[in-house]
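Going by the working numbering, the letters in the sequence shown line up with residues 3 to 278, in that order.
Where a beta carbon is used, it is the ideal one built from N, C-alpha and C, also for glycine.
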Amino acid sequence: MNIPHGATIPLSLNTVTVKERWGLADCIEGCARHAIPGISPWRDVLHAMGVQAAARRIRDAGLVVTGLCRGGMFPAADPAGRAAAIEDNLRAIDEAHALNARCLVMVCGGLPPGSKDLPGARAMVREGIEAILPAARAAGVTLALEPLHPMTCADRSVLSTLGQALDLCDRLGLGLGVAVDVYHVWWDPDLEQQMRRAEGRIAAFHACDWLVPTTDLVFDRGMPGDGVIDIAAIRRMAEAAGYNGFTEVELLSRRWWGEEPDHVLAVIKERHAKSS
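See the structure below:
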């Protein structure tokens with residue numbers, strides 16, 4: 003979808019936003035009911051429905067799959083674990099292709115249990131991406147490297163900055179892009195320069211907010227507009243870098259998981275309309 007100049011930015015729902023109460027079928031129906039044109043499933047709800055059934059339901063609802071969450075998690079303590087991660091990522095590529103997803107979001111993985119070898123973990127990430135990249139290219143699936151906030155370096159992602167993600171794109175080439183999640187990059191003093199560097203390579207744009215205080219660094223994300231992130235400014239950076247796609251709301255929040263999902267979607271639409 004290309005957005006004409008001055009048009010409203012299209013909205014996408016990441017299914018984790020309502021994960022406690024809705025499965026994928028509910029999310030598809032909810033997006034249709036609220037006129038939200040995009041959806042980004044997590045693989046657990048996708049597997050629960052079945053890939054082919056989900057592809058049909060999403061297509062019949064007229065939704066765009068803005069991303070599939072997630073691939074990655076490459077570092078492991080032994081060769082068998084690394085091989086298993088690669089096999090799982092190859093399956094994820096097939097699933098993204100079946101859904102006609104705009105990208106496969108890559109959360110690359112942290113340190114293996116018991117390890118303190120950060121350079122070694124980063125090498126495993128690079129080697130894992132190199133191993134699956136030919137399959138992604140053949141399937142026409144963009145691997146969107148998502149840098150995560152440094153607080154997650156030990157257990158979720160040794161890829162901590164947009165600059166690191168773009169270095170891998172430069173090194174490995176065709177088939178790679180980046181997923182810009184404002185929650186993970188807003189703090190970076192080098193963000194504006196790196197967003198310019200990302201020109202033509204932004205495959206996804208994720209929005210939520212950073213609350214003050216934050217009571218849980220993973221599961222207390224804020225609804226857009228409730229925190230300190232200048233989401234509109236980062237979106238303008240993305241557009242200046244050539245990104246012309248959806249804003250995907252990805253809200254990992256125990257507070258919002260407790261709300262009725264139709265209410266959550268209504269609030270998301272209201273906040274998005276104010277900022278677009």
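- Inter-residue distance for residue 85 and residue 51 is about 26 Å (C-alpha atoms, whole angstroms).
- By alpha-carbon distance to residue 42, the top candidate from 142, 68, 27 is 68.
- Looking at the DSSP output, residue 250 shares a beta bridge with 14, 208.
- Counting along the chain, no beta strand (DSSP E) covers residue 51; the unbroken alpha helix (DSSP H) around it starts and ends at 45 to 51.
- Here DSSP, grouped into helix, strand and coil, assigns residue 108 to strand.
- Taking the Cβ atoms as the reference, residue 137 lies roughly 5 Å from residue 95, within the contact range of under 8 Å.
- For residue 219, no alpha helix (DSSP H) encloses it, and the DSSP letter there is neither H nor E.
- C-alpha of residue 254 to C-alpha of residue 109: approximately 15 Å in a straight line.
- Residue 23 sits in coil when the DSSP states are folded into three classes, being neither helix nor strand.
- The shortest CA-to-CA distance from residue 159 to any of 242, 244, 196, 73 is the one to 73.
- Contact annotation, residue 206 with residue 141: C-beta distance approximately 17 Å; criterion of less than 8 Å not satisfied.
- According to DSSP, residue 260 shares a beta bridge with no other residue.
- Annotated three-state conformation of residue 60 is helix, per DSSP.
- Under DSSP, residue 146 shares a beta bridge with 107, 179.
- In the pairwise beta carbon analysis, the region 18 to 31 is classified as touching the region 252 to 267: at least three pairs are separated by under 8 Å.
- Counting only residues of its own chain and dropping the five nearest sequence neighbours on each side, residue 243 has a CB closer than 7 Å to the CB of 197, 198, 200, 201, 204.
- Residue 179 counts as buried, since no fewer than 16 other beta carbons sit within 10 angstroms of its beta carbon.
- Closest by C-alpha distance to residue 150, out of 101, 64, 107, 172, is 107.
- For residue 235, the number of other beta carbons within 10 angstroms of its own is below 16, and it is reported as exposed.
- When rounded, the separation of the alpha-carbon atoms in residue 105 and residue 71 is 9 Å.
- Residue 40 places its beta carbon 7 Å or farther from that of residue 267.
- In the displayed model, residue 160 falls within coil according to three-state DSSP, outside both helix and strand.
- Rounded to whole angstroms, residue 130 and residue 55 show a C-alpha spacing of 29 Å.
- Here the C-alpha atom of residue 126 lies approximately 9 Å from the C-alpha atom of residue 111.
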